[in-house]
Amino acid sequence: MGRLTVTNVSRTFGKKGSASTKALDNVSLEIKNEEFVCFIGPSGCGKTTLLRIIAGLDLPTSGEILLDGIQITVPDPKRGMVFQEYSLFPWRTVIDNVAFGPQMQGIKKKESLKIAEKYLELVGLEQFKNSFPYELSGGMRQRVAIARALATEPQVLLMDEPFGALDAQTRNTLQYELLEIWGKKNVTIMFVTHSMDEAVFLADRIVVMSARPGKIRDIINVDLPRPRDRTAPESNELRNHVLKLLAEERDK
Amino acid sequence: MDNNIKEAVHKRGLEALSLLVVVVLWQLVADLLVKNKLFLPSFVDVVLSFFKVIESGAIYADISVSLLHFGIGLFFALIIGIPIGILMGWFKTVNRIFDPIIEIIRPIPPLAWIPFAIIWFGLTHQSAGFVVFIGAVFPVIINTYTGFKNVSIIYVEAAKVLGCTRDLPLIRYVALPSALPSIAAGIRIAMGVGWMCLVAAEMFGVSTNGLGYKIWWHYYLHQMDFVLVYMLLLGFLGLVIDRAFRHYVDDRLLKWREGVVM
Numbered sequence: 001m002g003r004l005t006v007t008n009v010s011r012t013f014g015k016k017g018s019a020s021t022k023a024l025d026n027v028s029l030e031i032k033n034e035e036f037v038c039f040i041g042p043s044g045c046g047k048t049t050l051l052r053i054i055a056g057l058d059l060p061t062s063g064e065i066l067l068d069g070i071q072i073t074v075p076d077p078k079r080g081m082v083f084q085e086y087s088l089f090p091w092r093t094v095i096d097n098v099a100f101g102p103q104m105q106g107i108k109k110k111e112s113l114k115i116a117e118k119y120l121e122l123v124g125l126e127q128f129k130n131s132f133p134y135e136l137s138g139g140m141r142q143r144v145a146i147a148r149a150l151a152t153e154p155q156v157l158l159m160d161e162p163f164g165a166l167d168a169q170t171r172n173t174l175q176y177e178l179l180e181i182w183g184k185k186n187v188t189i190m191f192v193t194h195s196m197d198e199a200v201f202l203a204d205r206i207v208v209m210s211a212r213p214g215k216i217r218d219i220i221n222v223d224l225p226r227p228r229d230r231t232a233p234e235s236n237e238l239r240n241h242v243l244k245l246l247a248e249e250r251d252k
Numbered sequence: 001m002d003n004n005i006k007e008a009v010h011k012r013g014l015e016a017l018s019l020l021v022v023v024v025l026w027q028l029v030a031d032l033l034v035k036n037k038l039f040l041p042s043f044v045d046v047v048l049s050f051f052k053v054i055e056s057g058a059i060y061a062d063i064s065v066s067l068l069h070f071g072i073g074l075f076f077a078l079i080i081g082i083p084i085g086i087l088m089g090w091f092k093t094v095n096r097i098f099d100p101i102i103e104i105i106r107p108i109p110p111l112a113w114i115p116f117a118i119i120w121f122g123l124t125h126q127s128a129g130f131v132v133f134i135g136a137v138f139p140v141i142i143n144t145y146t147g148f149k150n151v152s153i154i155y156v157e158a159a160k161v162l163g164c165t166r167d168l169p170l171i172r173y174v175a176l177p178s179a180l181p182s183i184a185a186g187i188r189i190a191m192g193v194g195w196m197c198l199v200a201a202e203m204f205g206v207s208t209n210g211l212g213y214k215i216w217w218h219y220y221l222h223q224m225d226f227v228l229v230y231m232l233l234l235g236f237l238g239l240v241i242d243r244a245f246r247h248y249v250d251d252r253l254l255k256w257r258e259g260v261v262m
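Keeping their order, the protein sequence lines are chains A and B.
Heads up: the first sequence at position 106 corresponds to 106 in the numbering used here, and the numbers run straight through without jumps.
Heads up: the second sequence at position 77 corresponds to 77 in the numbering used here, and the numbers run straight through without jumps.
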C-alpha cells in the first residue's frame, strides 16, 4: 500500500531572528494508493520541499505526513526518490548502483545483484550493467536512477523533476516508459515538474501550487484515458487551463 | 619494423633528444670548462661511480634502508592521517577539536623535529621514519578532510533514501569512495614531501646505509661524483614510486572517473 496523508504541513526556512521564508503554508492533501500525482507551480512554490519532507530528508515546521497511517520522520526505502541532478554514485557500476538499496537492507551481495539485474531489465539497460555512470547518456542515467529507486520495492516513488535536464525527445520516451513501469510495479508516484505537457501526459491528478508562501492553488483531475495523445483537443484544453492558473500565479 | 621505429621516434623523440642534449652539454661543460671533479663531476664520472656502487653491492643496502625509513613514515602517516581526516571531515565537533592543534603543529618544518626524534627514538630507523612521518602526515590529513568536506550532499541524500542512514555505512559506502581522488592526491603529495625529508632524516646517522646518508658520507670524503650518483638515485626512485602509485590508483581505484588529469 502507498496511501499518503499530508495534514497541515508548513515549513519555514531561516534562522530565528532574521527574516524567514515560508516555503510551505498549511498544505493538506490525500494521495490514494497507486495514484500518479504531478506537482506543478512557479519556482519557489515549495514543490521540492514537500517532496523532500515526504522522503524524510527534511522535517516540517508543523503538521504531519502519514504513509498508510504511520508518521514519516526519517528517510526509508519505502519511499524511493529520483533526484533532479544525476545522483548515481559515479564510483559504482550501473548494476552496483541499483544493487545498493537491496544491499543496505541486508540482502546478500549475490542476491542483490540478481534483484538489480531484474530492475535493469525493466528499464531496458541490462546490457550496460557493467558501465560506469559517466559512460551513459543523461536519459540512460535517469533510467538507472529509476531502477535504483525501485529496487528497494518502495510503496511511493518520489520524483523531483527527474527529466528536467533531458532533451525533448528523450523526455517523451522516458515519460512513456515511466507510465509502463508504473503500470507494472503498482507504486504511488509523486512527480514534481515544470512542464505542463509532462503533467497532462502523466498524471491522474495535477496539483497546482502557488508561491510564497507555498500553497495548493488547485487540484485538477485528469480523466483522459491512457495512452494519451499529447495533441488531442482534451489535452490542449487541460493544458490551457493549467497555463491560465499558472499565469494568474505569476501576475499576482 | 620501420614503422615501429618511426612511431617511437615520433612519440618520444623530443623527450629523448632533450635528455641527450642535457647530458652532452653537461659532459662538455665538465670536461672543457670546469675541469674540476670536485665542482662538477662529468657524466662519464658519474656513470663509472654508479657501476662501482652497484659492484660493491652498497646500492642494494642503501635503497632498502631508505625504503624502510620511507615506509615506516608513510605507513604511520596513512594509518593515523586518514582516520583523523575522516573524523574531521565528517564530524564538525572533531574538526573543531583537532583543527587548532593541527594548524599550530603543521607549519613547523619536519626537520625541526630531528632533535626530538633522536631523544625519543635514539639513532634508530624509527627515528628517521618519524621525520618522514611528520612530513607526510599533514598532506594526508588535509586532503582526506577536504575530500570528505566536498562529498556532494546529493550522494549522501540518495544513500539515505536507499536505506543507508547511519554514519559508519555512509562513510564507508558513500563518503570514502567519493573522497578517494582527493585522498589519493594527498598521498601523492605526502610521498613527495616524505621522500624529501628522507635525506635530512638520514643525515644524522641513524644507520650506516641509506641514500640520504650516503650523500653526506661521500661529501665528507669529497667524492662529488658519488654524491651525484645518490642524488640522481633519489630522484629516479622518487619518480618510480610516484609513477607506480599513480598507475595503481588510476587503474584500480579511480577508473570510474572520466578523463583523469592528475
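Don't be surprised by glycine CBs; every beta carbon is placed ideally from N, CA and C.
1. One question on the structure: do G214 (chain A) and D58 (chain A) come within less than 9 Å of each other, judged by their Cβ atoms?
2. Measure the alpha-carbon distance for Q27 (chain B) versus V137 (chain B) and round it to whole angstroms.
3. What do you get for E55 (chain B), buried or exposed, if any count of 16 or more other CB atoms within 10 angstroms of its CB means buried?
4. One question on the structure: do D204 (chain A) and F36 (chain A) come within less than 9 Å of each other, judged by their Cβ atoms?
5. Among the residues of its own chain, which have a CB less than 6 Å from the CB of V261 (chain B), if the five just before and after it don't count?
6. Apart from the five residues on each side of it in sequence, which residues of its chain come closer than 7 Å, Cβ to Cβ, to R250 (chain A)?
7. Start and end of the beta strand (DSSP E) containing T12 (chain A)?
8. Is W256 (chain B) close to chain A? Criterion is C-beta to C-beta, closer than 9 Å.
9. Where F223 (chain B) and G235 (chain B) are concerned, what is the direct C-alpha to C-alpha distance, given to the nearest angstrom?
10. At 3 residues or longer, and completely inside the stretch 168-192 of chain B: list those beta strand (DSSP E) runs for me, N to C.
11. Exposed or buried, which one is A145 (chain A) when buried takes at least 16 other CB atoms within 10 Å?
12. DSSP state of V260 (chain B), grouped into three classes?
13. Out of curiosity, what's the CA-to-CA distance linking F70 (chain B) and F132 (chain A)?
14. Could you list the residues in the stretch 80-99 of chain A with a C-beta less than 7 Å from some C-beta on chain B, going in chain order?
15. Less than 8 Å between the CB atoms is what I'm expecting for Q2 (chain A) and V187 (chain A), so what's the real figure, rounded?
16. If you count every other CB in all the chains shown that lies within 10 Å of the CB of K47 (chain A), and 16 or more means buried, which is it?
17. Using CA atoms only, rank isn't needed, just tell me which of A:A147, A:A232 and A:R226 is closest to V94 (chain A).
18. Within 9 Å of any Cβ in chain B, is that where the Cβ of S77 (chain A) sits?
19. Regarding K110 (chain A) and the ligand NAP, is the C-beta to nearest heavy atom distance less than 8 Å?
20. Determine which residues of the stretch 135-161 of chain B have a Cβ less than 9 Å from any Cβ of chain E, and write them out in chain order.
21. Using the Cα positions of L162 (chain A) and L4 (chain A), report the straight-line distance between them to the nearest angstrom.
22. Could you tell me whether the Cβ of G89 (chain B) comes closer than 9 Å to any Cβ of chain A?
23. Against chain B, which members of the stretch 150-169 of chain A pass a CB distance test of less than 7 Å?
24. Taking DSSP's pairing of strands, which residues face M81 (chain A) in a bridge?
25. When the distance is taken between beta carbons, is S182 (chain B) closer than 9 Å to T144 (chain B)?
26. Using a C-beta to C-beta distance shorter than 9 Å, which residues of chain B count as neighbours of M196 (chain A)?
27. For D62 (chain B), report the span of its beta strand (DSSP E) as first-last.
28. Nearest CA to the CA of I206 (chain A): which residue from A:L178, A:V6, A:R217 and A:N221?
29. What does the Cβ neighbour count give for K214 (chain B), buried or exposed, with the cut at 16 atoms within 10 Å?
30. Please tell me whether F86 (chain B) and L176 (chain B) are closer than 9 Å, where the distance is taken between their beta carbons.
31. Can you have a look at K129 (chain A) and say buried or exposed, based on whether 16 or more other CB atoms are within 10 angstroms of its CB?
32. Which residues in chain A have a C-beta closer than 8 Å to the C-beta of P109 (chain B)? List them in chain order.
33. Is DSSP giving R217 (chain A) helix, strand or coil here?
34. How long is the line joining the alpha carbons of R96 (chain B) and M88 (chain B), rounded to whole angstroms?
35. Which class does A99 (chain A) belong to by DSSP, given the choice of helix, strand or coil?
Looking at the coordinates:
1. no
2. If you take the alpha carbons of Q27 (chain B) and V137 (chain B), they lie about 40 Å apart.
3. exposed
4. yes
5. Residue confidence for V261 (chain B) is low, a pLDDT of 43 falling below 50, so the modelled location carries little weight and cannot support an answer.
6. P42
7. Counting along the chain, the beta strand (DSSP E) containing T12 (chain A) begins and ends at L4 to F13.
8. yes
9. For the record, residue 223 (chain B) in the displayed sequence is Gln; it is not Phe. C-alpha separation (whole angstroms): 19 Å.
10. The stretch 168-192 of chain B contains no complete beta strand (DSSP E) run of 3 or more residues.
11. A145 (chain A) should be labelled buried.
12. Low per-residue confidence applies at V260 (chain B): pLDDT is 47, beneath 50, and the placement is therefore not dependable, though the value from the model is reported in the following sentence. V260 (chain B): coil per DSSP, three-state reduction.
13. 36 Å
14. G80, M81, F83, E85, S87, F89, P90 and W91
15. According to the sequence as given, residue 2 (chain A) is Gly; it is not Gln. At roughly 6 Å, the Cβ-Cβ gap stays under 8 Å, so G2 (chain A) and V187 (chain A) are in contact.
16. buried
17. Closest in C-alpha terms to V94 (chain A), from the list A:A147, A:A232 and A:R226, comes A:A147.
18. Position check: residue 77 (chain A) holds Pro in this sequence, whereas Ser was assumed. Chain B, which has a Cβ nearer than 9 Å to the Cβ of P77 (chain A), makes this yes.
19. Looking for the ligand NAP in the displayed structure turns up nothing, as the structure carries no ligands at all.
20. Structure shown: chain E not included; protein chains present are A and B.
21. For the record, residue 162 (chain A) in the displayed sequence is Pro; it is not Leu. Each residue's alpha carbon lies about 21 Å from the other.
22. Answer no: the Cβ-Cβ gap between G89 (chain B) and chain A never drops below 9 Å.
23. Against chain B - using a Cβ distance shorter than 7 Å - the residues of the stretch 150-169 of chain A are T152.
24. Beta-bridge pairing links M81 (chain A) to A:L158.
25. In this structure, S182 (chain B) lies closer than 9 Å to T144 (chain B) by Cβ.
26. The CB of M196 (chain A) never comes closer than 9 Å to any CB in chain B; the least such distance is about 27 Å.
27. That residue, D62 (chain B), is in no beta strand (DSSP E); its alpha helix (DSSP H) goes A58 to W90.
28. A:N221
29. buried
30. Residue identity differs from the one stated: residue 86 (chain B) is Ile in this sequence, not Phe. Cβ distance < 9 Å, so I86 (chain B) and L176 (chain B) count as in contact.
31. buried
32. Correct list: empty, because the minimum Cβ distance to chain A is about 36 Å.
33. strand
34. One C-alpha to the other measures close to 8 Å.
35. In the displayed model, A99 (chain A) falls within a helix according to three-state DSSP.
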